[in-house]
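Have a look at the structure below before the remarks.
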């Protein structure tokens with residue numbers, strides 16, 4: 075029995091369930107949770123280890139930011155950097171970042187925070203022998219040295235201006251003595267951080283219960299939390315999560331499917347909120363001599379493709395509220411995502427046909443179209459291409475299979491998406507596809523040089539200028555068709571106050587019951 | 016009997032071996048495991064490193080022999096995802112699955128025996144047809160669908176039972192019904208057929224002629240004999256339930272072996288997939304072997320054939 079059949083049957087049932095809720099006039103038991111000041115949240119994936127350096131799943135990132143603190147904090151509303159465990163920082167030279175550390179911060183086990191914690195944590199995770207999961211998060215660190223009890227220096231392997239963003243994102247600080255004693259395995263079983271919530275129970279694979287940290291330091295960028303308890307349960311089936319929401323067994327879920335979110339809007343005890351995410355969507359074209367499709371080597375053909383796709387309609391109709399068009403291969407809020415000089419191709423099928431004719435393909439051509447997620451969007455693009463004569467055949471498979479094809483030079487067109495690991499800096503997006511690395515299928519030497527400069531120059535203005543120019547070339551040459559960002563839907567109890575952010579990180583410390 | 020037992024044991028060992036090969040090969044046929052482990056955005060050198068680190072660059076036969084050697088010593092290796100010994104993971108989860116399977120088989124028996132008896136006693140009446148209808152529905156309804164129907168009625172509509180989790184006995188009610196109902200039909204048909212055969216036997220006619228009350232005849236004299244084949248079937252179905260719990264555990268978020276298998280498949284955590292597959296199939300083979308031996312012991316005709 076196919077899983078798609080299962081899924082559609084489940085969807086149908088979920089819709090019916092909505093009817094049952096309305097008919098029964100259920101008030102839900104959210105009021106009880108409100109009185110207990112608890113938020114019950116479910117996620118479909120179990121993190122392999124909740125130690126933030128030893129998982130690469132979204133729920134891991136979510137738990138990391140509740141239980142641990144970073145050195146630097148990025149305000150999600152203004153994108154401004156503020157001091158969290160560090161109070162000030164400066165580049166001493168292009169490879170040395172010096173940080174002053176906050177005094178009076180305590181870990182959940184009572185240990186006092188100091189330079190030793192930063193030195194031990196960062197040196198430990200940067201050592202490849204310790205096999206932290208996402209090496210790119212830490213492999214820019216050469217070593218970390220203690221200057222005094224509350225001052226450290228991070229020495230990078232190469233000039234790495236995006237360091238600040240990494241210190242504000244995936245890199246948290248562990249209590250040195252405890253971490254040295256228990257290691258990542260012990261950290262998973264009994265997590266200890268310094269964040270606004272402390273872990274009171276971890277039933278591995280089942281649930282994690284967090285409680286407000288009463289000793290959380292004041293004057294930091296994260297406010298004192300008001301919700302007393304957060305219960306995070308792992309429920310693998312999304313339909314079950316929705317059933318729990320409908321029956322009042324949960325207060326908050328994310329990643330609700332768009333059609334189900336639409337149906338759930340009628341439930342009076344719930345609120346449905348959609349928010350744009352950092353995951354961008356683009357159609358990547360293979361343009362080198364290795365390209366399996368000869369026509370794609372002609373810039374006029376690539377521009378025709380860009381003109382053929384009505385991305386605004388796709389964003390509105392297929393993605394949903396909160397989706398924005400992008401004009402460069404990066405998320406607009408990322409530092410360096412400057413599309414001011416990018417070429418924008420409006421939807422113009424006539425122009426597309428004309429460009430194809432000029433390039434010598436008045437009757438179009440045949441091409442393979444590789445994709446791995448949001449199949450409806452792939453199919454929409456294929457239809458738009460057909461309308462101008464490009465006969466694309468869908469090759470839909472697993473992400474790994476598609477990437478194999480791309481790297482082997484067998485994919486002419488790839489419907490790509492990229493989440494940048496929530497890093498708010500262009501160095502985490504554009505270079506992945508255009509800096510001559512494995513997934514670069516256009517390999518423009520000028521673009522490679524510009525991106526290299528943007529990634530390594532420390533002066534912010536020079537960085538922006540380099541990236542801006544790279545985006546201008548990429549779009550002028552139409553190496554890719556930039557489309558839009560994806561959207562995530564949240565379902566929550568009506569009385570829960572929360573904000574949806576593009577980094578898909580629910581901030582429980584700022585949530586409250588109305 | 017000795018020769019028969021030996022033959023069955025040998026066959027069971029062969030089946031277990033074949034399953035171990037299949038478990039090993041199937042996982043690898045689903046795509047490059049190294050790429051799956053390396054994750055999104057991995058560079059070619061990351062993938063190569065993973066391949067080397069896990070010994071995936073060696074010939075498949077070598078990998079298999081090494082795995083089999085370790086497995087026979089009781090070492091299933093480390094989970095790629097959770098980075099803990101597979102034996103430990105399975106030990107944590109097996110209890111939930113065993114409880115669920117036993118509850119489900121008990122539920123199936125409690126439901127099917129009376130229904131089977133009624134269907135036989137009132138053969139070809141509306142009661143018989145109703146029982147047949149129930150049996151057909153049980154077999155035809157996919158269990159995930161039935162599970163969601165239960166959730167809709169008893170959790171969302173009536174608010175009587177919790178939707179998911181394994182915190183109390185209440186949490187086991189719906190999974191038990193959903194899983195148990197699925198194996199009810201074979202029991203019901205077996206009881207019905209056995210009862211019909213027994214009810215026409217001479218000794219039952221004698222019992223009736225003696226003037227014993229009908230209930231005594233049916234329950235004491237007939238049912239006892241009709242239940243003999245059910246014992247063997249119970250063993251086989253129990254093995255089936257252990258495997259069938261993958262979907263049910265996932266729907267109800269019960270943290271058992273089935274749920275572990277589901278996660279492992281999603282993460283391409285092949286040491287875990289192999290271990291769970293092997294364990295479930297060995298359990299199935301052993302239970303079937305037990306059933307065969309019991310049957311042979313009860314009925315000499317089988318061991319001669």
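Residue numbers (the numbering used here), protein chains in the order written: chain A, 75 to 588; chain B, 16 to 320.
Note that beta-carbon positions come from the ideal geometry of N, C-alpha and C, so glycine has one too.
Owing to the predicted nature of the structure, the values given are computational and were not obtained by experimental measurement.
(1) Runs of 4 residues minimum, wholly inside the stretch 350-427 of chain A: which ones carry the alpha helix (DSSP H) assignment?
(2) Contact defined as beta carbons within less than 8 Å: I believe residue 237(B) pairs with residue 219(B). What is the distance between those atoms, to the nearest angstrom?
(3) Under 7 Å Cβ-Cβ, which residues of chain C neighbour residue 309(A)?
(4) Which residues in the same chain have their Cβ closer than 7 Å to the Cβ of residue 570(A), if we skip the five residues on either side of it in sequence?
(5) With a 10 Å radius around its C-beta and 16 neighbouring C-beta atoms as the bar for buried, classify residue 306(B) as buried or exposed.
(6) Any C-beta of chain B sitting closer than 7 Å to the C-beta of residue 578(A)?
(7) So with CB distances below 7 Å, who are the chain A contacts of residue 265(B)?
(8) Can you find a C-beta in chain A that's less than 7 Å from the C-beta of residue 79(B)?
(9) Within 10 angstroms of its Cβ, does residue 333(A) collect 16 or more other Cβ (buried), or is it exposed?
(10) Looking only at its chain, what residues have a beta carbon closer than 7 Å to the beta carbon of residue 133(A), apart from the 5 residues adjacent to it on each side?
(11) Under the rule that 16 or more other beta-carbon atoms within 10 Å means buried, what is residue 16(B), buried or exposed?
(12) Cβ of residue 115(B) less than 7 Å from any chain A Cβ?
(13) What do you get for residue 314(B), buried or exposed, if any count of 16 or more other CB atoms within 10 angstroms of its CB means buried?
(14) In the DSSP assignment, find the unbroken alpha helix (DSSP H) run with residue 333(A) in it and report its ends.
(15) Mind pulling the chain B residues with CB within less than 8 Å of residue 317(A)?
(16) So residue 71(B) and residue 48(B) are in contact, right, with Cβ under 8 Å, and what is the actual spacing, rounded?
(17) So residue 356(A) packs on residue 557(A), CB below 8 Å; how close in whole Å?
(18) Measuring only between beta-carbons, confirm whether residue 96(B) sits less than 7 Å from chain A.
(19) Once DSSP output is grouped into helix, strand and coil, what is the label at residue 50(B)?
(20) Work out the CA separation of residue 134(B) and residue 53(B) for me, nearest whole Å.
(21) State yes or no: is the C-beta of residue 181(A) within less than 7 Å of the C-beta of residue 249(A)?
(22) In the DSSP assignment, find the alpha helix (DSSP H) that holds residue 299(B) and state where it starts and stops.
(23) Between which two residues does the alpha helix (DSSP H) containing residue 122(A) stretch?
(24) Could you confirm whether any beta carbon from chain B is found closer than 7 Å to the beta carbon of residue 314(A)?
(25) Return the first residue and the last residue of the beta strand (DSSP E) that residue 492(A) is part of.
(26) Looking at the unbroken beta strand (DSSP E) that takes in residue 147(B), where does it start and where does it end?
(27) Suppose the cutoff is 7 Å on Cβ atoms and the five residues either side in sequence are ignored; what does the same chain contact list for residue 416(A) look like?
(28) Taking the beta carbon of residue 384(A) as the centre, do at least 16 other beta carbons fall within 10 Å, making it buried, or is it exposed?
(29) Take residue 304(A) as the anchor and find which of 286(A), 508(A), 315(A), 312(A) has the nearest alpha-carbon.
(30) For residue 156(A), which residues does DSSP report across the bridge?
(31) Looking only at its own chain, which residues have a Cβ that is under 7 Å from the Cβ of residue 542(A), when we skip the five neighbours before and after it?
(32) CB-CB under 6 Å to residue 258(B), same chain, minus the five flanking residues each way: which ones, in chain order?
(33) For chain B, is any of its Cβ atoms less than 7 Å away from the one on residue 172(A)?
(34) Take residue 306(A) as the anchor and find which of 330(A), 313(A), 276(A) has the nearest alpha-carbon.
(35) With a cut-off of 8 Å, do at least 3 Cβ pairs link the stretch 278-288 of chain B to the stretch 90-97 of chain B?
(36) Which residues in chain B have a C-beta closer than 7 Å to the C-beta of residue 122(A)? List them in chain order.
Straight from the coordinates:
(1) Note on the stretch 350-427 of chain A: whole alpha helix (DSSP H) runs with a minimum of 4 residues are 373-382, 385-388, in chain order.
(2) Residue numbering aside, residue 237(B) sits at position 222 when the second chain is read from its first letter. Residue numbering aside, residue 219(B) sits at position 204 when the second chain is read from its first letter. Sure, about 6 Å apart at Cβ, within 8 Å.
(3) Absent from the structure is chain C; the protein chains it does hold are A and B.
(4) The residue you call residue 570(A) lines up with position 496 of the first chain. The answer, listed in chain order, is 113, 325, 326, 585, 587.
(5) Reading the second chain from its first residue, position 291 is the one you call residue 306(B). Burial of residue 306(B) is indicated by the presence of at least 16 other C-beta atoms within 10 angstroms of its C-beta.
(6) Residue numbering aside, residue 578(A) sits at position 504 when the first chain is read from its first letter. Under the Cβ distance rule, residue 578(A) does not count among the residues neighbouring chain B, no pair being separated by less than 7 Å.
(7) Start at 1 with the first residue of the second chain, and residue 265(B) comes out as number 250. The contacting residues are 310, 311.
(8) Within the second chain, numbered from 1, the residue matching residue 79(B) stands at position 64. Residue 79(B) has a beta carbon lying at 7 Å or more from every beta carbon in chain A.
(9) Numbered from its first residue, the first chain carries residue 333(A) at position 259. Under this definition residue 333(A) is an exposed residue.
(10) Stepping through the first chain from its first residue, residue 133(A) is reached at position 59. Excluding residues up to 5 positions away in sequence, 117, 119, 121 lie with their Cβ nearer than 7 Å to the Cβ of residue 133(A) in the same chain.
(11) For the purposes of this step, residue 16(B) is identified with residue 1 of the second chain, where counting begins at 1. Looking at its Cβ environment, which holds fewer than 16 other Cβ atoms inside 10 Å, residue 16(B) is exposed.
(12) In the second chain, counting from the first residue as 1, residue 115(B) sits at position 100. It does not; no Cβ of chain A falls within 7 Å.
(13) Translated into the one-based positions of the second chain, residue 314(B) becomes position 299. Classification for residue 314(B): exposed.
(14) Within the first chain, the letter at position 259 stands for residue 333(A). Annotation for residue 333(A): the continuous alpha helix (DSSP H) segment containing it runs 332-338.
(15) The count along the first chain starts at 1 and reaches residue 317(A) at position 243. From the beta-carbon of residue 317(A), the residues of chain B found nearer than 8 Å are 163, 166, 167, 170, 171, 178, 179.
(16) The sequence position of residue 71(B) within the second chain is 56, counting from 1. The sequence position of residue 48(B) within the second chain is 33, counting from 1. Residue 71(B) to residue 48(B), Cβ: 6 Å. Contact.
(17) Indexing the first chain from 1 puts residue 356(A) at position 282. Indexing the first chain from 1 puts residue 557(A) at position 483. At roughly 5 Å, the Cβ-Cβ gap stays under 8 Å, so residue 356(A) and residue 557(A) are in contact.
(18) Here residue 96(B) corresponds to residue number 81 of the second chain, with the count starting at 1. Between residue 96(B) and chain A, the shortest Cβ-Cβ separation is below 7 Å.
(19) Stepping through the second chain from its first residue, residue 50(B) is reached at position 35. DSSP, read as helix, strand or coil, puts residue 50(B) in helix.
(20) Working through the second chain from its first residue, we reach residue 53(B) at position 38. Working through the second chain from its first residue, we reach residue 134(B) at position 119. Near 57 Å, if we compare the C-alpha coordinates of residue 134(B) and residue 53(B).
(21) Here residue 181(A) corresponds to residue number 107 of the first chain, with the count starting at 1. Here residue 249(A) corresponds to residue number 175 of the first chain, with the count starting at 1. Yes, these two residues count as a Cβ contact at 7 Å.
(22) By 1-based counting over the second chain, the position of residue 299(B) is 284. Residue 299(B) -> alpha helix (DSSP H) spans 285-313.
(23) Here the question's residue 122(A) lines up with position 48 in the first chain. Counting along the chain, residue 122(A) falls outside any alpha helix (DSSP H), and DSSP gives it neither H nor E.
(24) As a first step, residue 314(A) must be located in the first chain, where it is residue number 240. Chain B contact via Cβ: present.
(25) Residue numbering aside, residue 492(A) sits at position 418 when the first chain is read from its first letter. Here the beta strand (DSSP E) through residue 492(A) covers 487-492.
(26) Along the second chain, one-based indexing puts residue 147(B) at 132. Note, residue 147(B): premise wrong, no beta strand (DSSP E); alpha helix (DSSP H) at 141-155.
(27) Along the first chain, one-based indexing puts residue 416(A) at 342. So the list reads 401, 402, 545, 546, 549, once near-sequence residues are dropped.
(28) As a first step, residue 384(A) is located in the first chain; it is residue number 310 there, counting from the start. Per the 10 Å Cβ criterion, buried.
(29) Translated into the one-based positions of the first chain, residue 304(A) becomes position 230. Closest option to residue 304(A), Cα to Cα, is 286(A).
(30) What you label residue 156(A) is simply residue 82 of the first chain in a count that begins at 1. The partner list for residue 156(A) (beta bridge, DSSP) reads 147(A).
(31) Translated into the one-based positions of the first chain, residue 542(A) becomes position 468. Result list for residue 542(A): 412, 414, 415, in chain order.
(32) Within the second chain, numbered from 1, the residue matching residue 258(B) stands at position 243. In its chain, beyond the 5 residues on either side, 295 have a beta carbon closer than 6 Å to the beta carbon of residue 258(B).
(33) Reading the first chain from its first residue, position 98 is the one you call residue 172(A). The beta carbon of residue 172(A) sits no closer than 7 Å to any beta carbon of chain B.
(34) Residue numbering aside, residue 306(A) sits at position 232 when the first chain is read from its first letter. Each of 330(A), 313(A), 276(A) was checked against the Cα of residue 306(A), and the nearest Cα belongs to 276(A).
(35) These segments touch.
(36) For the purposes of this step, residue 122(A) is identified with residue 48 of the first chain, where counting begins at 1. Those are 96, 97, 98, listed as they occur along chain B.
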